[in-house]
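Chemist: From first to last, the protein sequence lines stand for chains V and Z.
Using the working numbering, you'd call the opening residue of the first sequence number 1 and step up by one each time.
Using the working numbering, you'd call the opening residue of the second sequence number 1001 and step up by one each time.
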Amino acid sequence: MTTESSNARKLTLYVAGQTPKSLTAIANLKKITEEHMPGQYEIEVIDLRENPKLAKEHSIVAIPTLVRSLPVPIRRIIGDLSDVEKVLVSLKVQGE
Amino acid sequence: MVQPTGISKSLTGISGFDDLTLGGLPTGRPTLVCGSAGCGKTLFATTFLIHGARDLGEPGVFVTFEERPSDIAANVASLGFDVEALVAADKLSFEHIEIDPNELAEIGDYDLEGLFLRLELAIDSIGAKRVVLDTIESLFSAFSNPAILRAEIRRLFDWLKDRGMTTVITAERGDGTLTRQGLEEYVSDCVILLDHRAENQISTRRMRIVKYRGTAHGTNEYPFLIDEDGFSVLPVSSLGLDHLVFDEHIASGVPDLDAMLSKGGFHRGSSILVSGVAGSGKSSLAASFIGASAERGERSIYFSFEESEGQTVRNMRSIGIDLAPMLKQKLVRHVAARPTFYSLEMHLAVMIREIQRFDPSSSCSTRSRHSWKAVTGSKCSPCCCAWSISSRAAALRPSSPI
Ligand SMILES: Nc1ncnc2c1ncn2[C@@H]1O[C@H](COP(=O)(O)OP(=O)(O)OP(=O)(O)O)[C@@H](O)[C@H]1O
Ligand SMILES: [Mg+2]
């Protein structure tokens, strides 16, 4: 009965250039998703320095920001994702 | 007049304030406007931004952390500010920073580069010269790491200064401090404190320039008004005692009284106190004076603290003075306010503004309103100047607090 959309999972990481914080966040996200949720999420990294318009459109203030847009409810995590446990707790979907 | 080495200033368009600061806010630097809730911070900031965008060719970016842009536009629409038109003309740009702390988790180190990027884009897209941050302290309730916020706010202020933005930052008053988060320590050049107090149920708004580096400025507390004409500061306490003195005499409107006075009337520019018990004819004497002025084609203002315009007209008609046609021809302006409506200094402030507004007709503009020159510095003014005390004397009854 599961449709495609109800299975859709999407994480977007917003960074700004190649700053240490951004690079750390990218590396941490890669590690966490590969180790703990392989293949579960569609992941996109957006560099706002290249596309600053998206900062307003997506209401980004802090960098790095990780947005889980699907499944709802939307979750936002800011920071370099240096605490794996906390990231997992924040991304945990109810009923899992 | 112009200090050759002085700092340059940017006009705010807030009447009175630009006089008080001898030219407005420091150009290219941040100014902190602080005060308690509802004291007028947002309106001050909005007026500054719109004046720059609309009248001075200086586009502005409004970064709002609280009110929605549509609310800000609606709030100032009644003041004749067409925010939407300015936005459409790329003279004004809004950046609404909304953060819901409930859907936010903080894990590890972060900065506010997203805010910088948004601000940079907004500034560049309209070539902004002015920026408002209203009120950046809200970030402290959205994010939980004050150390990061402090460092980032300091970086933001430096960044705005480097880019030469004339910036107004608003902040709410803290307990014993100018701002809750101590923002004053970041803004070293200009700090303005707004205040809204109610004493004996009478509310008074006051402002004080706490500091303004590199320039002279008024240092007293000045009352200000927020009404249908917007924000205006009334520098009453900077009244000097250097007004012009005249030899000319003008009729009091009562021939017998004029005959008793040495040169046939009052000195132009003088203050006359009319005192007497209830019903002794103080208001009538004031109205006679106004009538005589109107006959000469001079304008007068009648300030009434007890009677409405209709009452004054009716009562004076009974002694043969018809104010109605004078009012109609705008030779006389009647201003009525109960004593309890404002505090004493607000009454004075309102009176000064009424006088400034009631410009004389061209036929009498050669006669300057000397006694108020020190206050207003304006060229034209009602030419009948003995109005103030003679008409105010009508309110100088013992029962009145004036
Ligand atoms: N268009 C208007 N016409 C008349 N009065 C107004 C107008 N706009 C604002 N005011 C008055 O000014 C007051 C202060 O407004 P303002 O929003 O600027 O204060 P503030 O200091 O920013 O308040 P807050 O702490 O809520 O942000 C209002 O409460 C209202 O009394
Ligand atoms: Mg406000």
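Glycine included, C-beta positions come from ideal geometry on N, C-alpha and C.
Which of the three DSSP states is assigned to Lys92(V) in this structure?
Modeler: Three-state DSSP puts Lys92(V) in coil, outside helix and strand.
Chemist: Under 7 Å between beta-carbons, which chain Z residues line up against Val101(V)? List them in chain order, please.
Modeler: Any answer about residue 101(V) is impossible in this case: the structure gives chain V only from 1 up to 96.
Chemist: On the three-state DSSP scale, how would you describe Leu1194(Z)?
Modeler: If DSSP states are grouped into helix, strand and coil, Leu1194(Z) belongs with the strands.
Chemist: Residues bridged to Glu42(V) by DSSP?
Modeler: Bridge partners of Glu42(V): Lys10(V).
Chemist: When you measure from the CB of Ile1070(Z) to every non-hydrogen atom of ligand 1, does any distance come out below 6 Å?
Modeler: One point to set straight first is that residue 1070(Z) is Ser, not Ile, in the sequence displayed. Result no, Cβ not under 6 Å from ligand 1.
Chemist: List in chain order: all unbroken alpha helix (DSSP H) runs of 4+ residues lying wholly within the segment 1145-1200 of chain Z.
Modeler: Counting whole runs of 4 or more residues, the segment 1145-1200 of chain Z contains the alpha helix (DSSP H) stretches 1146-1162.
Chemist: Count the other CB atoms, across all protein chains shown, that sit within 10 Å of the CB of Arg1317(Z); report buried if there are 16 or more and exposed otherwise.
Modeler: The residue in question, Arg1317(Z), is exposed, as its Cβ has fewer than 16 Cβ neighbours within 10 Å.
Chemist: Since I believe Lys1129(Z) is in contact with Gly1038(Z) (beta carbons under 8 Å), could you give me their beta-carbon distance rounded to a whole number of angstroms?
Modeler: Contact doesn't hold; Cβ gap of about 29 Å is too wide.
Chemist: In this structure, does DSSP put Pro1398(Z) in helix, strand or coil?
Modeler: Per-residue confidence for Pro1398(Z) stands at a pLDDT of 31, beneath the threshold of 50, marking its modelled position as unreliable; the derived number appears in the next sentence. Looking at Pro1398(Z) - three-state DSSP - the assignment turns out to be coil, as it is neither helix nor strand.
Chemist: Assuming Lys21(V) is part of the alpha helix (DSSP H), what are its boundary residues?
Modeler: Here the alpha helix (DSSP H) through Lys21(V) covers Pro20 to His36.
Chemist: Give me, in chain order, the residues of the same chain whose beta-carbon lies closer than 7 Å to that of Thr1027(Z); leave out the 5 immediate sequence neighbours on both sides.
Modeler: These residues qualify, in order along the chain: Ser1008, Lys1009, Ser1010 and Thr1166.
Chemist: With contact counted as at least three CB pairs below 8 Å, one residue from each stretch, are the segment 1101-1114 of chain Z and the segment 70-82 of chain V in contact?
Modeler: Counting Cβ pairs under 8 Å, three or more are found: they touch.
Chemist: Counting C-beta neighbours from all protein chains within 10 Å, is the total for Lys1282(Z) 16 or more, i.e. buried, or is it exposed?
Modeler: With 16 or more Cβ atoms within 10 Å of its Cβ, Lys1282(Z) is classed as buried.
Chemist: In terms of residues, what are the limits of the beta strand (DSSP E) holding Asp1227(Z)?
Modeler: Glu1221 to Asp1227 is the span of the beta strand (DSSP E), which, as asked, contains Asp1227(Z).
Chemist: DSSP three-state label for His1217(Z), please.
Modeler: The answer is coil: DSSP assigns His1217(Z) none of H, G, I, E or B.
Chemist: Compile a chain-ordered list of the residues in the segment 37-64 of chain V whose CB is closer than 8 Å to at least one CB of chain Z.
Modeler: Those residues of the segment 37-64 of chain V that come within reach of chain Z (Cβ to Cβ, closer than 8 Å) are Leu48, Arg49, Pro52, Lys53, Ala55, Lys56, Ser59, Ile60, Val61, Ala62, Ile63 and Pro64.
Chemist: May I ask you to report which of helix, strand or coil DSSP gives Lys1211(Z)?
Modeler: Three-state result, Lys1211(Z): strand.
Chemist: How big is the Cα-Cα spacing for Asp1111(Z) and Ile1192(Z)?
Modeler: About 29 Å.
Chemist: Work out the CA separation of His1347(Z) and Phe1305(Z) for me, nearest whole Å.
Modeler: Their Cα atoms are separated by approximately 10 Å.
Chemist: Please check the pair Arg1029(Z) and Cys1190(Z), which I expect to be a contact at CB under 8 Å, by giving their CB distance rounded to whole angstroms.
Modeler: That pair is a contact at about 7 Å.
Chemist: Kindly examine ligand 2 and report whether one of its heavy atoms sits closer than 6 Å to the Cβ of Thr1064(Z).
Modeler: No, the beta carbon of Thr1064(Z) sits no closer than 6 Å to any heavy atom of ligand 2.
Chemist: Which residue wins for smallest C-alpha separation from Val1254(Z), given the options Glu1295(Z), Leu1183(Z), Gly1230(Z) and Ser1270(Z)?
Modeler: Closest by alpha carbon: Glu1295(Z).
Chemist: Compute the minimum distance between the beta carbon of Ala16(V) and the heavy atoms of ligand 1, and state whether it is under 6 Å.
Modeler: No, since every heavy atom of ligand 1 falls outside the 6 Å radius drawn around the Cβ of Ala16(V).
Chemist: Check the C-beta distance from Arg1205(Z) over to Leu1225(Z) and give it rounded, since I have them as a contact under 8 Å.
Modeler: Contact flag correct, Cβ pair sits at about 7 Å.
Chemist: Looking at the unbroken beta strand (DSSP E) that takes in Asp1082(Z), where does it start and where does it end?
Modeler: It is not in any beta strand (DSSP E) - Asp1082(Z) carries neither H nor E in the DSSP assignment.
Chemist: Kindly list, in the order they appear in chain V, the residues whose Cβ is closer than 8 Å to that of Leu1121(Z).
Modeler: Simply Pro52, Lys53, Ala55 and Lys56.
Chemist: Output, in sequence order along the chain, the residues in the segment 1099-1117 of chain Z whose CB is closer than 9 Å to any CB in chain V.
Modeler: Within the segment 1099-1117 of chain Z, the qualifying residues are Ile1099, Asp1100, Glu1103, Leu1104, Ala1105, Glu1106, Ile1107, Gly1108, Asp1109, Tyr1110, Asp1111, Leu1112, Glu1113, Gly1114, Leu1115, Phe1116 and Leu1117.
Chemist: Is it right to say Phe1341(Z) is buried, meaning 16 or more other beta carbons lie within 10 angstroms of its own, or is it exposed?
Modeler: By the 10 Å Cβ count, Phe1341(Z) comes out exposed.
Chemist: Quick one: grab the DSSP three-state call for Ile1126(Z).
Modeler: Helix, per DSSP.
Chemist: Rounded to the nearest angstrom, what separates Lys53(V) and Arg1118(Z) at their Cα positions?
Modeler: Answer to the nearest angstrom: the Cα atoms are 7 Å apart.
Chemist: Identify whether Thr1312(Z) lies in helix, strand or coil by the three-state DSSP scheme.
Modeler: The answer is helix: DSSP assigns Thr1312(Z) an H, G or I state.
Chemist: What is the DSSP secondary structure of Lys1263(Z), reduced to helix, strand or coil?
Modeler: Coil, per DSSP.
Chemist: If you compare alpha carbons, which of Phe1044(Z), Leu1344(Z), Phe1017(Z) and Met1351(Z) is closest to Ala1198(Z)?
Modeler: The shortest C-alpha separation from Ala1198(Z) is found at Leu1344(Z).
Chemist: With DSSP run on the structure shown, which of helix, strand or coil describes Glu1345(Z)?
Modeler: In the structure shown, Glu1345(Z) sits in a helix (DSSP, three-state: H, G or I).
Chemist: Let me see if you follow: with CB-CB separation under 7 Å, is Ile1050(Z) close to chain V or not?
Modeler: Ile1050(Z) does not count as touching chain V.
Chemist: Any contact between the segment 1048-1065 of chain Z and the segment 1129-1139 of chain Z? By contact I mean 3 or more CB pairs, one from each, below 8 Å.
Modeler: Because the criterion of three Cβ pairs below 8 Å is met, the segment 1048-1065 of chain Z and the segment 1129-1139 of chain Z touch.
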